[in-house]
Every structure is written in structure tokens, then in C-alpha cells.
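To keep things clear, I will list the structure first and then write my remarks on it.
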């Protein structure tokens, strides 16, 4: 029951997100016909053809329902600029962005786990907290620029721009991973602190477990739960950050497509990227919530007949 | 490591030293002066000097000069107005809208609350930066679109806090008492609910201001904000990027100032949070 409810909520949120994006499209100044024509030939005949072809003479409600219906089937329209289905455009460019996002997520999580577990002493905690504050507060493009000028311009270890090969992935991934690691470390450390006050830690120590084992096997496992809730947020950071990072490092990917579309008012592409990211966010968040039920039995609804406390 | 049981959690959490908070507050005051009276701290941000182009930091130009010979420090000081204004107005929009919608959700019954809560969820499903880019695509680049976009994107956070806070206040004795006195609904909300709901908002807004400034810098770095030659920080970083290999100071130093401002806001915000935490409505 609770699972069905959660799935339904996810669907409703998704519908609301798609609608909000569509409203933004309606609010765009200038007619759709103008954006499609762009710099091309502009005659009444061409205008009539475009209106006919894109179905722009139908009532707004019908166009909206048509948009929803096609979006539900995964058809996100055609790019005005590139004259290709948006789905193909995204499919073409998602690869490099996904590679960057996954690399950054893994690196960030690894760094956060290491920092949260190893910096338990007061002075280490101080150093790590300062590090977290700085990387969270620094604009991501500044991190990228500083890394670029040190490791590419001065030392020449990595290529200055481009998306070919492993070497070109290192600096962008580190840039994107640092803010992620900053936030995750704070959450994990908070969770560990909380868990260390729990009775089960005393029990574990009473069984003669060493401090490291208590930390990793018991406290850390508890601290991971709140971190799971953050996966949806993490995704947003990675996707939004990727747009900026791809610009700084001149990498191909979804970011460049999005920026190009924004600059040329290619609304179907902008809309598709935004709706697509909302879709992935909702899916991830729903999965995270459901996995919570799986991981933590306390959240499951109580059985109908109480069998004792 | 000793047994942690005997020490309560609050004692073991690290507190930033008083000096750190003091320095952060000082930096914020400086930024405020720069935003209100930039002429007091710096010269003309647009004065080009073709004889001194891309010179490194020196006694005459602390932050060096850029590709047109303009003093980078002057530009950074004058840029404070842009960045702070964008951040403050965006945060005000977010707080005001969040307050109204959160109150509405917290005070209404099941269905209206459910509808509002789901729309907050829908808004936060969009990554901030992509939502803002959608706005720019609709409204064109510029300060206004940037402000509205960041305001709307950060609104759900405040709305959720206000909503749950309203639930708590509604149950409080002074509210049930006021209901028993037969006060009108308007008076109830304005006199009793609203003031007590406001509690955590200023602190959240201070920390949120940092986020808004970061987002604004990112967007104008992408060319979506105030256009050159206006000395906005993100735009400066973007301009200087082309000269990175020969003049790091035109990008890195303005960037460091943005970072310091956001760190200061976070430190001061967290300090206030600790001072006022535990005060319940």
C-alpha cells in the first residue's frame, strides 16, 4: 500500500513538473513560428506550412494534452535548430555527461567516506571541516579554473580541453566531486556522531569490538541511511554542475547542447533537458525512498495484529 | 578513543572559534559597504589603461589589471553591488513566496495541503541551474530573469520549513486559547501564527543567500546574467578565462572574493543557528 502510494506521488510530481515546464514554454515571448524560422526564409507560405506541420493552429489545451501524451511515450519533440528528434540529440550527448557524473559521484562518495571515518580526532576534524566549508562555498567553475591553471597550464599533466580519453576526465571529475564530497562528509560525520551515542554502540564495545570496527561496521552503516536520502539532490548537483564544468573544460556533452539551445531559444531541447532531469530526479528519489523501507524495518507499516512490542 | 557515552552530542560537535565568526562578520560588513558605497573603497571600475594591460598584483594594483588595463580590485569592489543585489532580491522572493505558500499549506486541510506540497516537490525536482536556464531561454539573458529564476528555484525549501513550523504552532496552547476566545481567522493568523512561524527563517535566509550568490555567479559565468562591461563577478571570471594562461589574477582573485563571501555567510548563519536553536514556538 505504502509502495503504491509512493509510486503515485512520484507520478503526480512528474506530471506537475512537465506541466510547469510547458507553462514556461507558453510564456516565451515571440511566437513559436518565429523561433522555428530563425534566420531562414520568411514568407507567408512558409509560415502557413510551419503552422500546419507543427500543429500550431490547434487550441492550447489540445497542444498541451498532445505534448503530455507524447512525453509519456518518450517523444520529446523536434529541435527547431537541429531539425532532429530531441530524443536523438539527448541520446547522442548523454554519454560523456554520464561518464563525468558517475566518475564524480564515485570519487566524491569515496572521498567523503574516507574523510568521515578517518577524521575522528578533534584536530583532524577541524582541518576536514574547514576543507568541507571551503569546497562547498567555492563556485565549481573556480575550482575547475584553479585546477586547470595548476595542472594543465603550469605542470602540463592533463589536456587543457576536450573529451577524449581518461586523462581529459580526471580534472573535470575532481572538480565536480569536491563539492559533493564536502556535503556528503558533513552528513556522514553528523550521522556517525549520532550513531556513536546509540546503545548498540555500547553493546558492540561491551562485546569487545575495537573502536575501528565499531565505527565502520556499526556507526557508519547507520550514518549511510541519511546519505541515501541525498541521492536525488546529488543528481541535481551533478547534472547542473556538469553544464558549468563542461564549459570550463570544453567537454562535449549535455551541457553544451543545453547552452546552445538556451542561447538560440531552441525551446524543445531546453524543455526536454529540463523535463528529462526532473524525470530522473523523481525516479531516483522514489527508488531511494523505497530502498529506505527495505533497509530500515522500523519504517514499514506495523502488522495489523500486534504480536507484542 | 574513550567512551563517548558520557558526553552529550552537542558538546562533541565542533564550534567555530569566536575569531572565525568575527572575521566572517567583518568581511560581510566590508561587502555591504562595497555594495552601498563602492566609491568609498575603490576607483572607477571601467577606467581602461592601455599602457598597463594584464599586469600582475602590485602596490598600485593589489589585484593586478585585466586585458583592458582596468584595475581588478576596483571591479571586484563594484561587482559586490551586482552580486549582493541579485542574491538578496532572489532570496527575498524565495522567502516571501515560501512564507505565503507554506502558511497556506500548513493552515489548509488535506487536499489543498497535498496539492501545494506536491507542487513544492515538482519544483525541487528541477536542478536549480537547469531551471534557471529554462527561465533564461524564455526571458532572455539579464539580471531580472536570473533573480526570478533563482528565487523560484529556492522557494520550496522555505515553503517546506514554514509548512511544518505552521503545523507545530497550530497545536500550541496559545493558538487553541485564541481560538477559544473567538478571534477572527485573520487576526489569529497575523497575530499568533505568523510571528511564531517566522522564527527559523532569518537564519535559513542568511545561509540561503550564499547559495543564491553561488548560483548567480555560475549563471553569469555562463553568460546568462548582467552583460559586460558591468563588473559582475561571474561575468568577470568568464571574461578572464581567456587569459588564464598568462594572467591568473583576473579570474582567480575575483573568484576567491566570491568564495570568501559565501564562506562568511555560512559561518555567520551557522553561528546564529546555534545561538537560536532550541527556542521553540
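Protein chains in written order, with this note's numbering: chain Z, 8 to 316; chain F, 167 to 447.
Glycine is no exception: its CB is placed at the ideal position from the N, C-alpha and C atoms.
Complete beta strand (DSSP E) runs within the stretch 180 to 211 of chain F (minimum length 3 residues, chain order)
At a cut-off of 3 residues, not a single continuous stretch assigned as beta strand (DSSP E) sits fully inside the stretch 180 to 211 of chain F.
So residue 214 of chain F and residue 235 of chain F are supposed to be a Cβ contact under 8 angstroms. How far apart are they, rounded?
The beta-carbon distance between residue 214 of chain F and residue 235 of chain F, rounded to whole angstroms, is 5 angstroms. This is short enough to meet the 8 angstroms contact definition.
What's the call for residue 318 of chain Z, buried or exposed, on a 16-neighbour Cβ count within 10 Å?
Nothing about residue 318 of chain Z can be read from this structure; chain Z reaches only from 8 to 316.
Determine the extent of the alpha helix (DSSP H) in which residue 29 of chain Z is found, giving its start and end residues.
Run containing residue 29 of chain Z: 9 to 34, per the alpha helix (DSSP H) assignment.
Just to make sure I have the definition right: I need the residues of chain Z whose C-beta is within less than 8 angstroms of the C-beta of residue 418 of chain F. Which are they?
Within chain Z, 149, 152, 153, 156 have C-beta atoms less than 8 angstroms from the C-beta of residue 418 of chain F, given in sequence order.
When the cut-off is 8 angstroms and only beta carbons count, does residue 175 of chain F lie next to chain Z?
In this prediction, residue 175 of chain F has a pLDDT of 44, which is less than 50 and means its spatial position is unreliable; what the coordinates show is noted afterwards. Yes, contact with chain Z.
Mapping the DSSP letters down to three states, classify residue 236 of chain F as helix, strand or coil.
Assignment of residue 236 of chain F by DSSP, reduced to helix, strand and coil, places it in the coil class.
Option nearest residue 322 of chain F by Cα separation, candidates F:271, F:220, F:399, F:194:
Selected option, being the one with the closest Cα: F:271.
Distance between beta carbons of residue 180 of chain Z and residue 107 of chain Z, contact taken as under 8 angstroms
So it is a contact: roughly 6 angstroms between Cβ atoms.
Grab the span of the alpha helix (DSSP H) containing residue 301 of chain F for me, first residue to last.
Segment 294 to 305, the alpha helix (DSSP H) holding residue 301 of chain F.
Are any of the Cβ atoms in chain Z nearer than 8 angstroms to that of residue 322 of chain F?
Output row for residue 322 of chain F: interface = no.
Grab me the residues of residue 91 of chain Z's own chain with a C-beta within less than 8 angstroms of its C-beta, minus the 5 sequence neighbours each way, in chain order.
Excluding residues up to 5 positions away in sequence, 85 lie with their Cβ nearer than 8 angstroms to the Cβ of residue 91 of chain Z in the same chain.
Look at the Cβ atom of residue 299 of chain F, then the Cβ atom of residue 277 of chain Z, and state whether they are nearer than 8 angstroms.
In terms of Cβ geometry, residue 299 of chain F and residue 277 of chain Z form a close pair [threshold 8 angstroms].
Have a look at residue 101 of chain Z and residue 208 of chain Z and give me their C-alpha separation to the nearest angstrom.
Straight-line Cα distance between these residues: approximately 44 angstroms.
Among residues of its own chain, excluding the 5 on either side of residue 271 of chain Z, which ones have a beta-carbon nearer than 7 angstroms to its beta-carbon?
Excluding sequence neighbours, residue 271 of chain Z sits near 88.
Pull up the distance between the alpha-carbon of residue 129 of chain Z and that of residue 189 of chain Z, whole angstroms please.
Cα to Cα, the separation comes out at about 18 angstroms.
DSSP three-state assignment for residue 258 of chain Z, whether helix, strand or coil
Of the three classes helix, strand and coil, the one that applies to residue 258 of chain Z here is coil, per DSSP.
Is the shortest distance between the beta-carbon of residue 211 of chain F and the beta-carbons of chain Z less than 8 angstroms?
Not an interface residue.
Note the first and the last residue of the continuous alpha helix (DSSP H) segment covering residue 387 of chain F.
Where residue 387 of chain F is concerned, the enclosing alpha helix (DSSP H) stretches over 367 to 387.
Identity of the residues DSSP links to residue 231 of chain F by a beta bridge
Answer by DSSP bridge pairing, in chain order: F:237.
Looking at the strands, I want to know which residues DSSP matches up with residue 85 of chain Z.
Residue 85 of chain Z is bridged by DSSP to Z:92.
At what residues does the alpha helix (DSSP H) containing residue 224 of chain Z begin and finish?
Bounds of any alpha helix (DSSP H) do not take in residue 224 of chain Z, whose DSSP letter is neither H nor E.
How would you call residue 136 of chain Z, buried or exposed, if buried means at least 16 neighbouring beta carbons within 10 angstroms?
Under a 10 Å Cβ-count criterion, residue 136 of chain Z is classified as buried, with 16 or more other Cβ atoms of the shown protein chains found around its own Cβ.
Answer yes or no: do residue 384 of chain F and residue 251 of chain Z have a C-beta to C-beta separation smaller than 8 angstroms?
Inclusion of residue 384 of chain F and residue 251 of chain Z in the CB contact set at 8 angstroms is warranted, their separation being smaller than that value.
What's the C-alpha gap between residue 124 of chain Z and residue 200 of chain Z?
Linking residue 124 of chain Z to residue 200 of chain Z through their CA atoms gives a straight-line distance of about 11 angstroms.
Measure the beta-carbon distance from residue 243 of chain F to residue 371 of chain F and round it to whole angstroms, keeping in mind my assumption that it falls under 8 angstroms.
Not confirmed; about 24 angstroms, so no contact.
Extent of the continuous alpha helix (DSSP H) run through residue 355 of chain F:
Annotation for residue 355 of chain F: no alpha helix (DSSP H) segment contains it, and DSSP assigns it neither H nor E.
How far does the alpha helix (DSSP H) with residue 204 of chain Z in it reach, from first residue to last?
Neither: residue 204 of chain Z is in no alpha helix (DSSP H) and is coded neither H nor E.
Contact criterion: CB-CB distance below 8 angstroms. Does residue 144 of chain Z meet it with respect to chain F?
At a cut-off of 8 angstroms between beta carbons, residue 144 of chain Z contacts chain F.
Is residue 172 of chain Z helix, strand or coil by DSSP?
Coil.
Please identify the residue among F:413, F:376, F:412, F:309 whose C-alpha is closest to the C-alpha of residue 423 of chain F.
Closest option to residue 423 of chain F, Cα to Cα, is F:376.
Note down, in chain order, every chain F residue with its Cβ under 7 angstroms from the Cβ of residue 247 of chain Z.
Within 7 angstroms Cβ-Cβ: 293, 294, 295, 296.
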